[in-house]
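Here the structure is laid out as structure tokens; the discussion comes afterwards.
Residue numbers (the numbering used here): 15 to 435.
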């Protein structure tokens with residue numbers, strides 16, 4: 015096979031620049047259109063039913079999983095992999111631009127349908143982009159540089175997202191709550207569009223085609239899940255991990271319920287959404303530094319239980335601040351969002367690396383599929399129950415439930431078997 019790095023390779027010049035900044039822009043856009051925070055907040059700003067605000071993120075994660083299962087067999091050529099990166103970014107920008115332009119003119123029922131549809135499209139686009147990015151990074155970026163690139167993208171993107179929000183927060187305003195916060199969404203649209211355009215300019219060498227895996231028959235999804243269940247249940251460590259993975263949903267899918275609570279307090283507060291995005295982005299930046307260092311110097315296991323503990327602390331702070339009246343301060347609530355973002359980042363990062371380190375390569379895809387599908391189904395039920403409670407009772411009760419569940423997740427994370435050396 016020809017050595018694809020012997021010539022002027024993508025990692026050494028123009029293509030490396032485009033790949034890096036396309037990924038960075040997409041990450042910035044992901045923060046500014048965050049289905050954990052931004053979409054639920056804007057949805058509630060339109061006066062739509064609270065119940066569906068908590069369902070947006072499960073719709074994103076569910077449709078992303080569907081995309082990854084059914085589209086993966088087709089991402090076997092460099093041209094398709096490239097298309098799978100930039101086209102979904104452009105589609106995401108177009109769909110969210112439509113939301114920004116038309117959402118304020120729709121009745122409540124159509125707003126619900128629009129946001130749920132948008133969440134599904136976002137999930138599908140994220141899943142397809144993830145597949146394409148994995149292929150392109152695998153063939154165009156040397157292994158030694160990949161982790162450093164992803165780490166740098168996360169850190170730089172978080173910082174730039176904060177700068178963008180601070181610079182643009184006064185550009186748009188209006189009488190309606192949605193119009194007071196719409197600038198965040200428009201910035202996300204621009205970032206996703208720029209990410210798509212940047213990656214469209216990437217040029218792949220002909221030799222890279224030979225590095226892509228040969229097309230192979232993809233197992234049927236149900237057969238893959240059955241294999242994962244049969245394989246995983248033979249390992250005591252995986253049985254414990256799967257239980258923990260399901261309880262980790264209380265950390266990974268918690269943000270929309272904090273958003274519901276924050277919206278009841280700060281829907282009319284000027285720049286409130288911008289400050290919450292700053293908090294979430296700062297949590298991502300701190301997490302990319304802290305969790306990366308901890309997993310390399312100590313172990314992956316503390317990353318998970320510390321993430322659960324920080325999430326529980328954020329819930330306790332939200333409850334205490336509400337009781338004593340301090341939650342009315344937008345910056346104090348932004349601190350709660352920051353801690354939840356930091357904790358959630360740790361849980362996601364930690365359980366991903368834990369499974370990689372504990373499993374063998376041949377069995378890993380099946381174990382990942384079983385965990386993702388199981389957590390996705392639990393997440394939908396979890397979000398529906400807490401969304402109903404927030405809608406029918408009050409928005410603070412789900413946070414108390416999350417506090418209890420986060421503590422349980424902490425206990426299960428501590429009880430996981432040590433990582434293989």
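C-beta: ideal position from N, C-alpha, C; glycine also. No experiment lies behind these values; they were computed from the predicted model shown.
The alpha-carbon of residue 239 is positioned some 20 Å away from that of residue 395.
For residue 261 and residue 67, the gap between their C-alpha atoms comes out near 21 Å.
Listed in chain order, the alpha helix (DSSP H) runs fully inside the stretch 249-302 are 250-261, 263-266 and 269-280, counting runs of at least 4 residues.
Approximately 13 Å separates the beta-carbon atoms of residue 274 and residue 336; this is outside 8 Å, ruling out the contact. With 16 or more other Cβ atoms from the protein chains shown falling within 10 Å of its own Cβ, residue 386 counts as buried. For residue 376, no alpha helix (DSSP H) segment is defined, and its DSSP state is neither H nor E. For residue 48, no alpha helix (DSSP H) encloses it, and the DSSP letter there is neither H nor E. Residue 112 and residue 129 have their C-alpha atoms roughly 11 Å apart.
Between the beta-carbon of residue 326 and that of residue 421 there is about 5 Å, and that keeps the pair under the 8 Å contact cut. Residue burial annotation: residue 290 is buried, with at least 16 other C-beta atoms found within 10 angstroms of its C-beta. Between the stretch 36-43 and the stretch 191-209, the count of Cβ pairs shorter than 8 Å is three or higher; the stretches touch.
Under the three-state reduction of DSSP, residue 314 is assigned to coil, being neither helix nor strand. Runs of the beta strand (DSSP E) lying entirely within the stretch 69-96 and spanning at least 3 residues: none are present. Burial is judged here by how many other beta carbons sit within 10 angstroms of a residue's own beta carbon; residue 340 has fewer than 16 and is exposed. One alpha carbon belongs to residue 353, the other to residue 69, and they sit about 22 Å apart.
Contact between residue 254 and residue 431 holds, with the beta-carbon distance rounding to 7 Å and staying under 8 Å. By the 16-neighbour rule on beta-carbons within 10 angstroms, residue 61 is exposed.
Shown here, residue 408 sits in coil according to DSSP, grouped into three states, outside any helix or strand. When the beta-carbon positions are compared, residue 267 and residue 71 come within less than 8 Å of each other. For residue 348, the enclosing alpha helix (DSSP H) covers residues 344-372. Residue 389 and residue 374 have their alpha carbons spaced roughly 21 Å apart. Under the 8 Å Cβ criterion, the stretch 100-108 does not count as touching the stretch 169-178, having fewer than three qualifying pairs.
For residue 136 and residue 85, the gap between their C-alpha atoms comes out near 15 Å. Non-local C-beta neighbours of residue 328 in its own chain, meaning closer than 7 Å and more than five positions away in sequence, comprise 350, 353, 354 and 357, ordered along the chain.
When the alpha-carbon of residue 415 is set against those of 296, 28, 264 and 245, the nearest one is in 264.
A straight line joining the alpha-carbon of residue 163 with that of residue 362 spans about 19 Å. When C-alpha distances from residue 322 are compared across 360, 334, 73 and 100, the shortest belongs to 360. The residue from 181, 286, 241 and 100 with its alpha-carbon nearest to that of residue 143 is 100. Pairing residue 242 with residue 347 gives a Cβ-Cβ distance that is not under 8 Å. Distance from the CA of residue 418 to the CA of residue 406, rounded to the nearest whole angstrom, comes to 20 Å. Closest by C-alpha distance to residue 203, out of 364, 52, 134 and 428, is 52.
The alpha carbon of residue 196 has as its nearest neighbour, out of 213, 139 and 116, the alpha carbon of 116. For residue 98, the CB contacts under 7 Å within the same chain, skipping 5 residues up- and downstream, are 89, 142, 143, 145 and 146 in chain order. Annotated as distal: residue 317 and residue 371, with beta-carbon spacing of 8 Å or more.
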